[in-house]
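**Q**
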Amino acid sequence: MKRFEYIRAESIDDAIAAIAAVPDARAVAGGTNLIDLMKYDVAQPSRLVDINRLPLDTIEETSEGGLKIGALVTNSALAWDTRVEEHFPLLSSAILAGASPQLRNAATTGGNLLQRTRCYYFYDACTPCNKREPGSGCPAIPGVNRIHAILGTSDACIATHPSDMCVALAALDATVHVAGPGGTRTIPFADFHRLPGDQPELDNTMRHGELITAVEVPPSRFGAHHTYLKIRDRLSYAFALVSVAAALTLDGDRIVEARVAMGGVAHKPWRDRLAEADLAGKQADAAAFQDFADQVLEGAVGYGHNSFKIDLARRAMVRALEQAAAGTPQRQTDKRIN
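Structure below.
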């Protein structure tokens, strides 16, 4: 870890000014990802701005019936909040599927959105990586790529986004509130994370100096028919090979609305809105779910070691939609698949 300047911000404006003044400055809250990256010499900020004293640790109900979640709300506090458990159980389930209790106690909502990939090559500062050093190459493409992406990839990068919480937020059509030198703005969750394209070093659409202040979740109609299904190498403390956040609104056995987001398969949480729209009006059965999965994965590409993910993602989507339709969400305390 290299030397850095440490500043403890006392206000949002102070934090923004301190971050904006230094090109490689970073905000730190729980530090569950950033500090690891610094220890591995992957991230080398010359300034850390501690934002833990900012008034961003509350969950507020919106006038429309949604929730506005402060950026410093911990993952544990969010998952166990009674309003989240009752009205947004998909979000609670996704959070509890990730990390460990100790990490969830420290990790924050804003930090969860800003997690960086767990690609082996990205974490190894001795290897080339376009995310660390643009133009140096992507050794994962011809190399060991079992955990890597099958959708939305580019010749520059096939890394995946690691968050579980973000998959649920994508399915719930959340909005990210940010503040920066130019004022405040909101970013639809679908537009917050980027696909790699030819700039894989950019994970999201935030501007330098901006700070996440909150995540807003609109009112949900998916309390009864939802599930978060996570397929991984071991049952605890492992990142998803494939995960699925599925939510349905049903009229009898007919689908009124479907939301399906996937993790572990792309550089960002993955949704296919056209495929979701095509599910509307269909009977909630395995045949419709299989057709949906085939449509979502039509452009999927495997790179050798990760080619198994295409069929795994297909079966996971069908299973998740069946769970959601039946109203039998995946249990995160007993991780055996329903």
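All residue numbers for the sequence shown refer to UniProt numbering, where the first residue is 1 and numbers rise by one. Using N, Cα and C, we set each Cβ at its ideal position, and we do this for glycine too.
Under 6 Å Cβ to Cβ from Ser163, same chain only, skipping five residues before and after it: list those, please.
**A** The residue you call residue 163 lines up with position 163 of the sequence shown. Within the same chain, Ser163 has close Cβ partners Asn112 and Gln115.
**Q** Which residues mark the beginning and the end of the alpha helix (DSSP H) in which Val217 is found?
**A** Translated into the one-based positions of the sequence shown, residue 217 becomes position 217. From DSSP, Val217 is part of no alpha helix (DSSP H) but of the beta strand (DSSP E) over Leu211 to Val217.
**Q** Less than 8 Å between the beta carbons of Ala71 and Leu56, yes or no?
**A** Position 71 of the sequence shown, counted from the first residue, corresponds to residue 71. Position 56 of the sequence shown, counted from the first residue, corresponds to residue 56. Result yes, Cβ atoms of Ala71 and Leu56 sit closer than 8 Å.
**Q** If you check the beta carbons only, do Ile212 and Val178 fall under 8 Å apart?
**A** The residue labelled residue 212 in the question sits at position 212 within the sequence shown. The residue labelled residue 178 in the question sits at position 178 within the sequence shown. Going by C-beta atoms, Ile212 is nearer than 8 Å to Val178.
**Q** Is there contact here, the stretch 283-294 with the stretch 314-332, by at least three beta-carbon pairs under 8 Å?
**A** Enough Cβ pairs lie closer than 8 Å, so yes.
**Q** With DSSP run on the structure shown, which of helix, strand or coil describes Arg113?
**A** Within the sequence shown, numbered from 1, the residue matching residue 113 stands at position 113. Looking at the sequence itself, residue 113 is Leu, so the reference to Arg does not match. Note: Leu113 maps to helix in three-state DSSP.
**Q** Give the straight-line distance between the Cα atoms of Thr127 and Glu133, rounded to the nearest whole angstrom.
**A** The residue labelled residue 127 in the question sits at position 127 within the sequence shown. The residue labelled residue 133 in the question sits at position 133 within the sequence shown. Rounded to the nearest angstrom, the two C-alpha atoms are 10 Å apart.
**Q** So, with DSSP's three-state summary, where would you put Gln290?
**A** In the sequence shown, the residue the question calls residue 290 occupies position 290. Gln290 falls in the helix class under three-state DSSP.
**Q** Name, in chain order, the residues that DSSP records as bridge partners for Met1.
**A** Walking along the sequence shown from the start, residue 1 turns up at place 1. DSSP output for Met1 lists no bridge partner at all.
**Q** Going by C-alpha to C-alpha distance, which of Thr74, Ala94 and His87 sits closest to Ala107?
**A** For the purposes of this step, residue 107 is taken as residue 107 along the sequence shown, with counting starting at 1. The shortest C-alpha separation from Ala107 is found at Thr74.
**Q** Going by other Cβ atoms of all chains shown within 10 Å of its Cβ, with 16 needed for buried, is Met262 buried or exposed?
**A** As a working note, residue 262 is residue 262 in the sequence shown. Buried, because 16 or more other Cβ atoms sit within 10 Å of the Cβ of Met262.
**Q** What is the DSSP secondary structure of Lys39, counted as helix, strand or coil?
**A** Numbered from its first residue, the sequence shown carries residue 39 at position 39. Correct three-state label for Lys39: helix.
**Q** By a C-beta neighbour count over all protein chains shown, 10 Å radius and 16 as the cutoff for buried, is Gln323 buried or exposed?
**A** Here residue 323 refers to the residue found at position 323 when the sequence shown is read from its first residue. Per the 10 Å Cβ criterion, buried.
**Q** By the three-class DSSP mapping on this structure, what secondary structure does Asp311 have?
**A** For this step, residue 311 is matched to residue 311 along the sequence shown. If DSSP states are grouped into helix, strand and coil, Asp311 belongs with the helices.
**Q** Which term fits Lys2, buried or exposed, when burial requires 16 or more other beta carbons within 10 angstroms of its beta carbon?
**A** As a first step, residue 2 is located in the sequence shown; it is residue number 2 there, counting from the start. Exposed is the call here.
**Q** Report all residues from its chain with a CB closer than 7 Å to the CB of Pro218; omit the five preceding and five following residues, and keep chain order.
**A** Counting from 1 along the sequence shown, the entry for residue 218 is found at position 218. Only Glu64, Gly66 and Asp173 meet the Cβ criterion.
**Q** What does a CB cutoff of less than 7 Å around Lys309 pick up in its chain, not counting 5 residues either side in sequence?
**A** Residue mapping note: residue 309 aligns to position 309 of the sequence shown, counting from 1. Here the set comprises Ile150, Leu241, Val242, Val265 and Gly302.
**Q** For the beta strand (DSSP E) that contains Ala245, what are its first and last residues?
**A** Counting from 1 along the sequence shown, the entry for residue 245 is found at position 245. Element bounds for Ala245: Val242 to Asp251.
**Q** Check for me: the beta strand (DSSP E) holding residue 349 runs from which residue to which?
**A** Any answer about residue 349 is impossible in this case: the structure gives the chain only from 1 up to 338.
**Q** Exposed or buried, Asp233, counting other C-beta atoms within 10 Å across all chains shown (16 or more means buried)?
**A** For the purposes of this step, residue 233 is identified with residue 233 of the sequence shown, where counting begins at 1. Counting Cβ neighbours within 10 Å, Asp233 comes out exposed, since fewer than 16 surround it.
**Q** Taking Cβ positions, are Leu90 and Ala171 nearer each other than 8 Å?
**A** Here residue 90 corresponds to residue number 90 of the sequence shown, with the count starting at 1. Here residue 171 corresponds to residue number 171 of the sequence shown, with the count starting at 1. In this structure, Ala171 lies closer than 8 Å to Leu90 by Cβ.
**Q** Can you pull the DSSP bridge partners for Glu257?
**A** Residue numbering aside, residue 257 sits at position 257 when the sequence shown is read from its first letter. In the DSSP output, where bridge partners are listed per residue, Glu257 has Thr249.
**Q** So, at 6 Å on beta carbons, what are the nonlocal neighbours of Glu201 in its own chain, with the 5 sequence-adjacent residues on each side left out?
**A** Taking the sequence shown and counting its residues from 1, the one referred to as residue 201 is at position 201. Counting only Cβ-Cβ distances below 6 Å, and skipping sequence neighbours, we find Lys131 and Pro134.
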